[in-house]
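All remarks here apply to the structure that follows.
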Amino acid sequence: MTTLINEQGLRVDGRRFDQLRPFKLEVGVLRNADGSAYIEMGKNKIMAAVYGPKEVHPKHQTLPDRCLLRCRYHMSPFSVDTRKNPAPSRREIEISKILREALEPALILGDYPRTAIDVYLEVLQSDGGSRCAGLTAAALALADAGINMRDLVVACAAGKLGGQIVLDLSDVEDKEGDADLPVAIMPNLNQVTLLQLDGMMTGEEFKTAFEMALQGCKTLYDAQKATLISKYFGKAEPPQQEVQEGPEE
Amino acid sequence: MTTLINEQGLRVDGRRFDQLRPFKLEVGVLRNADGSAYIEMGKNKIMAAVYGPKEVHPKHQTLPDRCLLRCRYHMSPFSVDTRKNPAPSRREIEISKILREALEPALILGDYPRTAIDVYLEVLQSDGGSRCAGLTAAALALADAGINMRDLVVACAAGKLGGQIVLDLSDVEDKEGDADLPVAIMPNLNQVTLLQLDGMMTGEEFKTAFEMALQGCKTLYDAQKATLISKYFGKAEPPQQEVQEGPEE
Amino acid sequence: MTTLINEQGLRVDGRRFDQLRPFKLEVGVLRNADGSAYIEMGKNKIMAAVYGPKEVHPKHQTLPDRCLLRCRYHMSPFSVDTRKNPAPSRREIEISKILREALEPALILGDYPRTAIDVYLEVLQSDGGSRCAGLTAAALALADAGINMRDLVVACAAGKLGGQIVLDLSDVEDKEGDADLPVAIMPNLNQVTLLQLDGMMTGEEFKTAFEMALQGCKTLYDAQKATLISKYFGKAEPPQQEVQEGPEE
Amino acid sequence: MAIGKKPIVVEQIRKTRMAEFLSKGRRLSGRGLLDYRPIKIETGLIEKASGSAKVSIGNTQVIAGVKVEMGTPFPDTPDQGLLIVNTEVLPISSRNAEPGPPSEDAIELARVVDRGIRESKMIDLKKLCLLPGKKVLAVFIDVSVLDIDGNLFDTISYACTAALATAKIRKYDVANEEVKATEEMVPLPIRTTPISVTMARIEDVLIVDPDLEEEALMDARLTLASDHDDNICAGQKGCPGGFTVEQIMQARDTALVKGKENRDLLKREIGLA
Amino acid sequence: MAIGKKPIVVEQIRKTRMAEFLSKGRRLSGRGLLDYRPIKIETGLIEKASGSAKVSIGNTQVIAGVKVEMGTPFPDTPDQGLLIVNTEVLPISSRNAEPGPPSEDAIELARVVDRGIRESKMIDLKKLCLLPGKKVLAVFIDVSVLDIDGNLFDTISYACTAALATAKIRKYDVANEEVKATEEMVPLPIRTTPISVTMARIEDVLIVDPDLEEEALMDARLTLASDHDDNICAGQKGCPGGFTVEQIMQARDTALVKGKENRDLLKREIGLA
Amino acid sequence: MAIGKKPIVVEQIRKTRMAEFLSKGRRLSGRGLLDYRPIKIETGLIEKASGSAKVSIGNTQVIAGVKVEMGTPFPDTPDQGLLIVNTEVLPISSRNAEPGPPSEDAIELARVVDRGIRESKMIDLKKLCLLPGKKVLAVFIDVSVLDIDGNLFDTISYACTAALATAKIRKYDVANEEVKATEEMVPLPIRTTPISVTMARIEDVLIVDPDLEEEALMDARLTLASDHDDNICAGQKGCPGGFTVEQIMQARDTALVKGKENRDLLKREIGLA
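Going down the list, the protein sequences come from chains A, B, C, D, E and F. Residue numbering for the first sequence follows this note's numbering, starting at 1324 and increasing by one per position. Residue numbering for the second sequence follows this note's numbering, starting at 1324 and increasing by one per position. Residue numbering for the third sequence follows this note's numbering, starting at 1324 and increasing by one per position. Residue numbering for the fourth sequence follows this note's numbering, starting at 38 and increasing by one per position. Residue numbering for the fifth sequence follows this note's numbering, starting at 38 and increasing by one per position. Residue numbering for the sixth sequence follows this note's numbering, starting at 38 and increasing by one per position.
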């Protein structure tokens, strides 16, 4: 077992308890997609693409009064330590479902009856928290596609590590840690649209971790907005790059 | 090799040559299904459900002049000694087909043009003769669903065991025995709607076994009728429980 | 490693460098198919069948202005040394595609709008060059089905073997050889409709092999024509049997 | 849970009426907001399984069976047995359940139940290891859904817990790198009894144990599982709607209270308390 | 067999005419009620297979190939070799045969043929065991259906029987728990020659070897296989119609008589008699 | 390549205009007939892979990753490692790419790229053998297609070549039939750098590196790969159109000339020249 927290109270990658990993956001990275975004979060490298609103295939899935939202979270075979079979795993199918349900409240689907919107997430490299990072990128891609939205969606996890509640677990922390609590919110509407828990926490710890995850979401939300502003209103310097201060392994 | 018949001429579970295993029939056991039934036959525990007549999906399977009958015989993974993969095996596909063909002559499918009836059999625990027990339950579920029928269908097997023709083989008898002859009939119409043979018999033995199976069918047919009468005409005591007299292992 | 070419300059089956294996062509060998043909080429034994023009299923594949051409190249499980799984392999899927693309230029698909033509190739026994032999048979089956064609298609491979360019590689030659270059042409239209290369050749060798393959195609084209004439104009002796002169193993 | 949703014609009028009731602390069925329907548990009915349980919550009915086989451990956990949860929503269970490969909903169900068992450390997987890196016991829990009337999450979860807690498996002796089956039957190495509590939000009200009609109208769903020490050990939010931060905290409290109640009931029913 | 059924427009008038003929003991094709169409058998045409046979009954045409591989026995029969029968109704064989996974019909065909071989104990599977519990020979019989004009059951069954009876496999020597291939080729351990006879009921008449048109109009089908000692060793009723008890007995008698005839023919054709 | 074809409304007028341009030696994009679009190569961006490369040709963008695992050699090549190429046309890459099993087009792509690597003997597979007949290294090359604007064949081929050429794998020591991983990282045993050149025929003109619009209008496609000694090592003709004999020879010459140019560029970009 690795020592996950050293005597200075820092984590293996040098972060404080409540510190996010370095991250990077981009929008409009693909030519064919109607909207696209790219996120790096720790070692996560994820591409998000949105196609739609478009005709529904197969036709019988058409909804008369609103848009059909579909979501696919997929990992490239080379994205993890041991090669992943490219066929969708049960894990990918579950995550695709909860990501779709986390995005749906933010979209004004009634504006696009009888159409479909496809949200595709491709994890090129996976680290802890890939579903949260993917969700944050997916919201950007939806905005980039010009889909009518009530709010952005942004996600971040907190967890428990050697008895301590910490923000944004990396791969190694997730594996060795006690619990992981991914949370997604619509910041302006004060709605939690994704929440999962793997692992054990007391009721009190649950509250602490939940609130820490909300803080992380807010930081990322600011970065999302800055990325969109920089893209669409041409600020010279995209402000979403948060450089890590602590030592990194 | 087990001694399948002892010196008193009794079988390992204490039955005589021409004796059925203990059985139990129930109808109307599920809330959602249009008709349902449950059978225990030896260690067989099988649930039957009927949905229909209903719209046909996919549509191109619709028959203009009659109802489309479909049947699915399926075993739960825990129903057998070694866990069964839940995907349908070739055995289950074959049995589904012959059960459908055994039920179809009893149904007045012309009464329901452009619709479908689905018959589902779920084997929760499997013993020898599960296809026959399932068929007997399926006929009850169809009656419970109020489908127009010419007759009930009832099934029972006979077999060959240590040179002797015997009725209604259990699991161990089927494995160690020489032959198994499942038969289904429509008792009032004098029609054999299912017949299979696995294993070797002389032509004479075939006749003896076939006639013994018909006798078994008749006993079960009486129980089927009693079960339906008890359900729909409220007799206090459902008479379908036949208690076993001989010693049981 | 076998000695593939002996001191007399002959190959293991006694052929000269530029000599085809013994072959046999037949048309009209199946009752149900609209057109059919059978080829033996070395140890290759391949059945070709054509169904169509016929209605398109599934309907959404219908082309308003022309016929949909489909092709399936499939190997029977017993056709190779080690039993082949009957499900289509990636190799079979690729070959099906390039054979379809090799046949399509010869067909006047505009004559049959809103229909489909299915070309099925079943390899009963496989030897080197089965895709070429199959293509040669497929063209015959299309002609036998009375499909309007601009030209026949005929295929033959050349390859490189112990430094020497040779015609029509057998199985053992293909395995031990350096390169295989299958080529299909429409002889009258001077069009190359299939070309693949597996293995290494200099640019000059490529030219030599390509031209040798064209020569092989021409020999087979004469046999194709003779087979059709014999079938439809009743010549007494079908001339397509080319008996091998050299010694055979 | 979308299973069983489509057949119901969701009239807005019905939802309005339900919301009215709920705002007064009542449900259309007469239940209180935090009341479960009757929970029935029958164990041991599948003699060929190591353990089995048929559980109904109201009209929802499932059966779970446990099978134990020899297996090879995963390379990264060479000293742990295997746990495999599989759920099949049988076509007998609802007009809308089609035969075929498991739907997205069935996969989510199985995975959430799996996490509830795994993350609560209900089974001490290390005790299922026979020869580290080579031979371990693999525990298969298969669930067949028989009849659907809402709240499959809890019904399946309780069936799995009851089947596991009452299972008997063969004891194996290990000596000189050899595994030998004995005649003795022993229970699985059970550490705790995780209990899930599923809640639904309809408009602004949180209820527990939604039935099929309530599921058809609910805005969002939250399942939280807890163990016997009041630790929360699994969570899953579902449905295309959200919760406020306050509702999440309220749900946490409800999950712990109702979890304790249902754990006591379950242990009583299976003869463990 | 439903394969090949749909293309034929089943006019009631045609059936009436066929029934009239049949009631006079004649068939539309001129055959007698209990006459087979010509049966042709060619063996050994697939040199890469251990055994092979192309069989046609009338216009129906199939080819069977036998491959033998090393395999591991099933745990419950550690001293027996494996037998795997697989049937593919190729798309070349009929306007209605689509490529893709085997249909319900193809699965039934393969399983009935499999049972005919297995239950007649045609092959002594114990003689295919090399190292009990570890290494046995696995016999794959694959059938490719080339052209369909009725009675696939018997055509496939005869092709399998002929391919197995003429197959040559490598001889293996076993010493000190080691299996060594020799140069010698030997036949499979064949005990008997099972022969199936397929009958159809059209109205009140039983016929053998139905052709495609008769299959399209038949009410029910019954296949019975027998061995060289006149034991019945496999049976399968098909189609959504029934038989009277008396018809079943009549079918039994026919199966034994025609089975003997066809067995003699088959053995003659493959040079075993 | 049919992928990406359908969205474009292929007006005959557009084709006529394109053909006019081409007959004058120009392309609609302004490129010369034998000019590639800009080729960009970035390696090493997937730290978890042994090697990786993101390659774009114009707007077409793919990423390839190399993974190395232990495997068992094929029985007929007991002394050779394994090479497995897999291509996924991701749904993010085009309005017409659907999720699901690989299409016929994706399979062709992967197999042609595989042959280019395999037949050029780019990797010395014998050097990947650890214990003959028992343990070899298996090299998986997975390609994810991110954005499609024509000429996937070359883009994928260059990405695979660049990922393989820059991959670092663990060194293994073999002694006494035991394989031991060392700490040392070494390159793959690379012998040459195969480079494919894809050409399209539109009417009577041959061009290289067709973009999406040109692919939609092309009559036939030919890909030829060559190695550093100017050997042609793989070829594949595609599309339902043909080439004259003379065009094939012209294509051969172009493949060797452009192949050399692109090989030099690729080696420069990845730091090998």
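All residues carry an ideal CB built from backbone N, CA and C; glycine is no exception.
Across the set F:152, F:65, F:147, F:89, the C-alpha of F:152 shows the shortest separation from the C-alpha of residue 1520 of chain C.
Between residue 181 of chain F and residue 1447 of chain A, the C-beta gap is smaller than 9 angstroms, which places the two residues in contact.
Here the alpha carbons of residue 136 of chain F and residue 121 of chain F stand approximately 21 angstroms from one another. Listed by position along chain C, the residues whose Cβ is nearer than 9 angstroms to that of residue 123 of chain E are 1400, 1409. Close to residue 1372 of chain C, with beta-carbon spacing below 7 angstroms, are these residues of chain E in chain order: 129. For residue 123 of chain E, no alpha helix (DSSP H) segment is defined; the enclosing uninterrupted segment is the beta strand (DSSP E) at 119 to 126.
Near chain C, meaning a CB-to-CB distance below 7 angstroms, the residues of the region 266 to 287 of chain F are 267, 268, 269, 270, 271, 272, 273, 274, 275, 276, 277, 278, 279, 280, 281, 282, 285, 286. Unbroken alpha helix (DSSP H) runs of no fewer than 4 residues, entirely contained in the region 1490 to 1536 of chain C, are found at 1494 to 1499, following chain order. For residue 1367 of chain B, the enclosing beta strand (DSSP E) has its first and last residue at 1367 to 1377. Closest option to residue 1511 of chain C, judged by alpha-carbon separation, among C:1437, C:1472, C:1531, C:1481: C:1472. The continuous stretches of alpha helix (DSSP H) do not include residue 1476 of chain C, and DSSP gives it neither H nor E. Beta-carbon to beta-carbon, residue 1360 of chain C and residue 1425 of chain C are separated by about 16 angstroms, too far to satisfy the 8 angstroms threshold. Each residue's CA atom was taken as its position, placing residue 1462 of chain A and residue 1476 of chain A some 6 angstroms apart. If you look at residue 228 of chain E, you'll find it isn't in any alpha helix (DSSP H); DSSP assigns it neither H nor E. For residue 1403 of chain C, no alpha helix (DSSP H) run applies, since DSSP gives it neither H nor E.
At a Cβ-Cβ threshold of 9 angstroms, residue 1353 of chain C and residue 1394 of chain C do not count as neighbours. Contact annotation: residue 85 of chain E and residue 1556 of chain C have beta-carbon atoms that are not nearer than 9 angstroms. Listed in chain order, the non-local C-beta contacts of residue 1374 of chain A below 7 angstroms within the same chain comprise 1356, 1357, 1441, local neighbours out to five positions each way being set aside. In the structure shown, residue 50 of chain D falls within a helical segment according to DSSP collapsed to helix, strand and coil.
Taking the Cα positions, residue 116 of chain D is about 15 angstroms away from residue 158 of chain D.
Within chain D, the residues whose beta carbon sits less than 7 angstroms from that of residue 1355 of chain B are 130, 131, 132, 184, 185, listed in sequence order.
Close CB contacts of residue 98 of chain D within its chain, under the 6 angstroms cut and outside five residues either way in sequence, are with 183, 184 (chain order).
Using a CB distance cut-off of 9 angstroms, residue 1453 of chain B does not count as an interface residue toward chain E.
Cβ-Cβ distances below 7 angstroms link residue 127 of chain E to 134, 181, 182, 183 in the same chain, with the five nearest sequence neighbours on each side left out; the list follows chain order. For the options C:1392, C:1368, C:1553, the alpha carbon positioned closest to that of residue 1379 of chain C is the one of C:1392. In the three-state scheme derived from DSSP, where H, G and I count as helix and E and B as strand, residue 1414 of chain C is classed as helix. Judged by beta-carbon spacing, residue 230 of chain F lies beyond the 9 angstroms limit of residue 146 of chain F, meaning their Cβ atoms are not closer than that value. Only residues of its own chain outside the window of five on either side were considered, and among them 209, 210 have a CB closer than 7 angstroms to the CB of residue 217 of chain D, listed in chain order. Excluding residues up to 5 positions away in sequence, 1346, 1347 lie with their Cβ nearer than 7 angstroms to the Cβ of residue 1363 of chain C in the same chain. Residues of the region 142 to 175 of chain E with a C-beta atom less than 9 angstroms from some C-beta of chain B are 142, 144, 145, 147, 148, 149, 152, 155, 156, 157, 158, listed in chain order. What residue 89 of chain E touches in chain C, judged by beta-carbon distance under 7 angstroms, is 1401, going in chain order. In the DSSP assignment, residue 175 of chain D is bridged to D:106, D:119. The three-state secondary structure of residue 1397 of chain A, taken from DSSP, is strand.
Chain B has a Cβ within less than 9 angstroms of the Cβ of residue 179 of chain D. Judged by beta-carbon spacing, residue 1409 of chain C lies within the 9 angstroms limit of residue 123 of chain E, meaning their Cβ atoms are closer than that value. About 5 angstroms separates the Cβ atoms of residue 191 of chain D and residue 235 of chain D, confirming a contact at the 8 angstroms cut-off.
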